[in-house]
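See structure below.
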Amino acid sequence: STALFAIFGFKMLWEGYHMQPGGAQEEIEEVQADLRKRDGEIDKEVHLMAADPESGRHKRQNILKLVSRIFLQAFTLTFLAEWGDRSQLTTILLAAREDIYGVMVGGIVGHSMCTGLAVMGGRFVAQRISVRTVTLIGGAVFLVFAVSALIFTPLSGEA
Numbered sequence: 681s682t683a684l685f686a687i688f689g690f691k692m693l694w695e696g697y698h699m700q701p702g703g704a705q706e707e708i709e710e711v712q713a714d715l716r717k718r719d720g721e722i723d724k725e726v727h728l729m730a731a732d733p734e735s736g737r738h739k740r741q742n743i744l745k746l747v748s749r750i751f752l753q754a755f756t757l758t759f760l761a762e763w764g765d766r767s768q769l770t771t772i773l774l775a776a777r778e779d780i781y782g783v784m785v786g787g788i789v790g791h792s793m794c795t796g797l798a799v800m801g802g803r804f805v806a807q808r809i810s811v812r813t814v815t816l817i818g819g820a821v822f823l824v825f826a827v828s829a830l831i832f833t834p835l836s837g838e839a
C-alpha cells in the first residue's frame, strides 16, 4: 500500500504541475453543458414513455415514484466513477492487511463524509480554487500517507 500511495502521489503532483491553469474551467463548463443536454433528453424520454396511449394521460413510471431522478443520476455517476479508482484499490489493499470490519466501516464513513463535503462545498470551492491546486494538494496528501505507512506499521498481535 505504501508503494501505491507514493505512486499516486507522484502521479498527481506530475499531473498538477503540467496542468494548464485555466484548462480545468473549460472542462467543467463542457461537463455542465453536457449534463444540461442530457437532463433535457431524459425529461423528453420520461414524458414520452409515461404517456398512456389510450387516454393520452401521463403516468409516472414506478421507479420514478420511489426515488427521484437526481438520486438515480447521482448514484449511477458516483458508482461508476468510484468503480476501480484509486480509493477502491487502496481500500482493497488496506482490507488485505487490516481488520476487514474496521476497513469497511471506515471506508463507508470516510466516503460518505467526502461525498457530503463535495456536494455541500463543491460549487463554493470550484469558484475559488483551481483543479490544478486541488490536484497538487491531493498528490501531497498521498505522499504523506505513503510516509506515514512506512513509519507507522500495524501491530502484529492484533486480530
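Each residue of the sequence shown is one higher than the one before, starting from 681 at the first, in the working numbering. Glycine included, each C-beta is placed from N, C-alpha and C at the ideal position. Since this is a predicted model, take the numbers as computed values, not measurements.
- N- and C-terminal bounds of the alpha helix (DSSP H) containing E695: Residue mapping note: residue 695 aligns to position 15 of the sequence shown, counting from 1. Segment T682 to H698, the alpha helix (DSSP H) holding E695.
- Query: Is the region 811 to 822 touching the region 684 to 696 in the sense that three or more CB pairs, one from each, lie closer than 8 Å?
  - Reply: yes
- Residue span of the alpha helix (DSSP H) that contains S767, given as start and end: Within the sequence shown, the letter at position 87 stands for residue 767. R766 to R777 is the span of the alpha helix (DSSP H), which, as asked, contains S767.
- Query: Taking Cβ positions, are A683 and L823 nearer each other than 8 Å?
  - Reply: Locating residue 683 in the sequence shown gives position 3, counting from the first residue. Locating residue 823 in the sequence shown gives position 143, counting from the first residue. It is not a contact, given that the beta carbons lie outside the stated cut-off.
- Close beta carbons around A820, own chain, < 8 Å, minus the five adjacent residues each side: On the sequence shown, position 140 is the one that residue 820 refers to. Cβ neighbours of A820 beyond the five flanking positions: G689 and L693.
- Item | Rounded separation between S681 and V785 - CA only | Position 1 of the sequence shown holds residue 681. Position 105 of the sequence shown holds residue 785. Distance between the alpha carbons of S681 and V785 is about 19 Å.
- Message: Which of the three DSSP states is assigned to F822 in this structure?
- Response: Sequence index remark: in the sequence shown, residue 822 carries index 142 (1-based). Three-state result, F822: helix.
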